[in-house]
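To start, the structure itself, in structure tokens.
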Amino acid sequence: GQQLNQSPQSMFIQEGEDVSMNCTSSSIFNTWLWYKQEPGEGPVLLIALYKAGELTSNGRLTAQFGITRKDSFLNISASIPSDVGIYFCAGQLRLRQGGKLIFGQGTELSVKP
Amino acid sequence: EAQVTQNPRYLITVTGKKLTVTCSQNMNHEYMSWYRQDPGLGLRQIYYSMNVEVTDKGDVPEGYKVSRKEKRNFPLILESPSPNQTSLYFCASSPLAGGGELFFGEGSRLTVL
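Just so you know, the sequences run in chain order A and B.
Here the first sequence is numbered in our numbering, starting from 1 and rising by one per residue.
Here the second sequence is numbered in our numbering, starting from 1 and rising by one per residue.
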């Protein structure tokens, strides 16, 4: 089935550092979403992107919808310990294909104080 | 409080013993979905429902059943669980017909011995 390649799989960084992660696909999506999952909880939506080239921020988080519609990027600036968790990208196929979201494998972020 | 509620949160069972994981949302969302999360594989969709009495297979439907008799409830049924169904399960709902911008439950960790 359709897959998203999310990288890196894990990151170990120092508090205060910036973080970048990305997702790529062989298919075009019309929506990209980024979620964060904290231990013992379900994923929570961080940012939703609906237009190619769109750049959207949510506090220290910034995400971009790639111009080719086949990729998306998430940046976290000045990381803090509470940024720890697993970050998932998700791409949505066109509605006529069932409205399914396809998730990446996740990027596990660890932040050292 | 707007939420998606799953029960049970944790369950250990044996092969072949039928079980149901309940899911309820209080946001009047039409779209609901079930995912399973396994290490290294991200979130994979099991079944989804775009409205009452309308359900469709996701990417990994084998061994699972669902029903959508009411808008708020979307139970996941394992008729004859097997060890390969040991996983973390998430129910989600969305205000969007296409299923984007999902709200997730807290997860149900199932172990099949």
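Beta carbons: idealized from backbone N, C-alpha and C, even for Gly.
Just so you know, these numbers come straight off a predicted model, no measurement behind them.
Exercise. Enumerate in chain order the residues of its own chain whose CB-to-CB distance from B:Ser80 is below 6 Å, with the five nearest sequence positions on each side excluded.
Key: Cβ neighbours of B:Ser80 beyond the five flanking positions: Gly16.
Quiz item: Where A:Val111 and B:Leu88 are concerned, what is the direct C-alpha to C-alpha distance, given to the nearest angstrom?
Solution: Rounded to the nearest angstrom, the two C-alpha atoms are 25 Å apart.
Quiz item: Which whole-angstrom value describes the C-beta separation of A:Asp71 and A:Asn22, a residue pair presumed to lie in contact below a C-beta threshold of 8 Å?
Solution: At roughly 6 Å, the Cβ-Cβ gap stays under 8 Å, so A:Asp71 and A:Asn22 are in contact.
Practice problem: Out of A:Ser7, A:Leu74 and A:Asn5, point me to the one whose CA is closest to A:Leu45's CA. | Solution: Nearest of A:Ser7, A:Leu74 and A:Asn5 to A:Leu45, Cα basis: A:Leu74.
Practice problem: State yes or no: is the C-beta of B:Gly58 within less than 8 Å of the C-beta of B:Gln45? | Solution: For B:Gly58 and B:Gln45, yes; Cβs fall inside 8 Å.
Self-check item: Within chain B, partners of A:Gln64 - CB distance below 9 Å
Solution: Those do not exist, as A:Gln64 stays about 17 Å from chain B at its closest Cβ, beyond 9 Å.
Self-check item: Opposing strand residues paired with A:Thr68 [DSSP bridges]
Solution: Under the DSSP definition of a beta bridge, A:Thr68 lacks any partner.
Practice problem: Pull out every residue of the region 38-57 of chain A whose Cβ sits closer than 9 Å to any Cβ of chain B, in chain order. | Solution: The region 38-57 of chain A vs chain B, Cβ under 9 Å: Gly40, Glu41, Gly42, Pro43, Val44, Leu45, Ala48 and Tyr50.
Exercise. Count the C-beta pairs between the region 86-95 of chain A and the region 60-77 of chain B that are closer than 8 Å, then say yes if the count reaches three, no if not.
Key: No, the region 86-95 of chain A is not in contact with the region 60-77 of chain B.
Quiz item: Applying the criterion that 16 or more other CB atoms from any shown protein chain within 10 Å of the CB defines a buried residue, is A:Gln64 buried or exposed?
Solution: Buried, because 16 or more other Cβ atoms sit within 10 Å of the Cβ of A:Gln64.
Exercise. Look at the Cβ atom of B:Cys23, then the Cβ atom of B:Gly100, and state whether they are nearer than 8 Å.
Key: For B:Cys23 and B:Gly100, no; Cβs fall outside 8 Å.
Quiz item: How long is the line joining the alpha carbons of B:Asn51 and A:Lys100, rounded to whole angstroms?
Solution: In a straight line, the C-alpha of B:Asn51 is about 14 Å away from that of A:Lys100.
Quiz item: Just by C-beta distance, which residues in the region 3-14 of chain B are closer than 9 Å to chain A?
Solution: If the cut-off is 9 Å between Cβ atoms, the region 3-14 of chain B has Val4 and Gln6 near chain A.
Quiz item: Distance, Cα to Cα, A:Pro79 vs B:Glu70?
Solution: With the sequence shown as reference, residue 79 of chain A is identified as Ser, and Pro is not the correct amino acid for it. Each residue's Cα considered, the two are about 43 Å apart.
Practice problem: Verify the CB distance criterion: does A:Gln14 have a CB-CB separation below 8 Å to chain B? | Solution: For A:Gln14, no CB of chain B lies under 8 Å from its own CB, so it is not counted at the interface with that chain.
Quiz item: Can A:Leu93 and A:Phe12 be called in contact, C-beta distance under 8 Å?
Solution: 8 Å or more divides the Cβ of A:Leu93 from the Cβ of A:Phe12.
Exercise. Give the DSSP-derived three-state secondary structure of A:Ser82 in the structure shown.
Key: It is helical.
Quiz item: Under the DSSP definition of a beta bridge, which residues are partnered with A:Tyr50?
Solution: Looking at the DSSP assignment, A:Tyr50 forms no beta bridge with any residue, so it has no partner.
Quiz item: If you compare alpha carbons, which of B:Lys18, B:Glu30 and B:Tyr35 is closest to B:Gln6?
Solution: Taking each of B:Lys18, B:Glu30 and B:Tyr35 in turn and checking the Cα distance to B:Gln6, the smallest one comes out for B:Tyr35.
Exercise. Starting from the Cα of B:Tyr47, find the closest Cα among B:Asn28, B:Arg68 and B:Gly40 and give me that residue.
Key: Measuring from the Cα of B:Tyr47, the nearest candidate turns out to be B:Arg68.
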